[in-house]
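Residues 1 to 163 in this note's numbering are what the sequence shown lists, from first letter to last.
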Amino acid sequence: MPPSSPGNASVPSPASPRPTPAQPAAHGWAELRRRSGEIPWVLAGGFLGTLARYGLGFLGDPLWILIAINCVGCFLLGTIFALRRENRLSPRDYAFWGTGVVGSFTTFSGAMVLLAVPAAQLLTWLAVIASIVVGILLALVGSWLVRRVVSKQDRKQDRGAAS
């Protein structure tokens, strides 16, 4: 595969001064110790995301608020993940925004609790299933938008450097 092909992201393109994407993280206790400096950022982001979800929970019907929160969170996490993958977000910022804020803002378990209630109606089941499908699509849209914007920025930068 040539160095500039999109399938080989770990090899930098000669025309692109951007850093290469981060290598997949190692797992285990050694990795946790190495990344322990991100923990306060995850906690701070988690505090904010939890407050936002808690506050929004009073705005209406719990089912529809939960679905809206999860769909917005899917879009945001898609964009945050893509920004990190494109090296436009530091590991610390990803820990804060992705794992902390959005991770605590969204709740899959809340949807499952609504389904576990014996009186859960067909509408509840359909709404939760639809929100999962819509959430996946929104994550893909968020990721696609970031790639599109980054690609345009890179082309502008390349044209500016060629002048």
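Cβ coordinates follow ideal geometry from the N, Cα and C atoms, glycine included.
Kindly indicate the opening and closing residues of the alpha helix (DSSP H) around residue i.
| i | result |
| --- | --- |
| LEU77 | 62-85 |
| GLN121 | Per DSSP, GLN121 belongs to no alpha helix (DSSP H) and is neither H nor E. |
| VAL42 | 39-56 |
| LEU32 | 29-34 |
| ARG92 | 91-94 |
Buried or exposed for residue i, please, with buried defined as at least 16 other CB atoms from any protein chain shown within 10 angstroms of its CB.
| i | result |
| --- | --- |
| TYR54 | exposed |
| ILE67 | buried |
| GLY7 | At GLY7 the pLDDT is 43, less than 50, meaning the model places this residue with poor confidence; the figure from the coordinates comes in the next sentence. Flag for GLY7 reads exposed. |
| ALA95 | buried |
| SER10 | Low per-residue confidence applies at SER10: pLDDT is 43, beneath 50, and the placement is therefore not dependable enough to give any value. |
| PRO2 | Bear in mind that the predicted position of PRO2 carries a pLDDT of just 40, short of 50, making it too unreliable to give a figure here. |
| TRP144 | exposed |
| SER109 | exposed |
| LEU32 | exposed |
| PRO17 | With a pLDDT of 45 at PRO17, under the threshold of 50, the modelled position of that residue is not reliable, and the figure given next carries that caveat. Under this definition PRO17 is an exposed residue. |
| SER36 | exposed |
| GLY142 | buried |
| GLY49 | buried |
Only counting the same chain, and skipping five residues up and downstream in sequence, which positions put a Cβ closer than 6 Å to that of residue i?
| i | result |
| --- | --- |
| MET112 | none |
| ALA52 | PHE105 |
| THR99 | VAL42 |
| LEU38 | Note on residue identity: the sequence assigns Glu, not Leu, to residue 38. Around GLU38: ARG92, ALA95. |
| ARG84 | TYR94 |
Spatial neighbours of residue i within its chain, please: C-beta separation below 7 Å, excluding the five flanking residues on both sides.
| i | result |
| --- | --- |
| VAL125 | Checking the displayed sequence, the identity of residue 125 turns out to be Trp instead of Val. LEU115, listed in sequence order. |
| VAL150 | GLU86, ARG88 |
| LEU56 | ILE65, ILE69 |
Please list, in chain order, all residues of the same chain as residue i whose beta carbon is under 8 Å from its beta carbon, the five residues on each side excluded.
| i | result |
| --- | --- |
| ALA44 | PHE96, GLY100 |
| ARG147 | ALA82, GLU86 |
Exercise for review: Say whether the stretch 63-81 touches the stretch 129-139, bearing in mind that this needs 3 or more beta-carbon pairs closer than 8 Å, one atom from each stretch.
Suggested key: Short answer: they touch.
Review point. Does the stretch 117-128 come close enough to the stretch 89-99 that 3 or more CB-CB pairs lie under 8 Å?
Key: Judged by Cβ distances under 8 Å, the stretch 89-99 makes no contact with the stretch 117-128, as fewer than three pairs qualify.
Check your understanding: Hey, is the stretch 93-112 in contact with the stretch 75-83, meaning 3+ C-beta pairs nearer than 8 Å?
Key -> Yes: at least three Cβ pairs fall under 8 Å.
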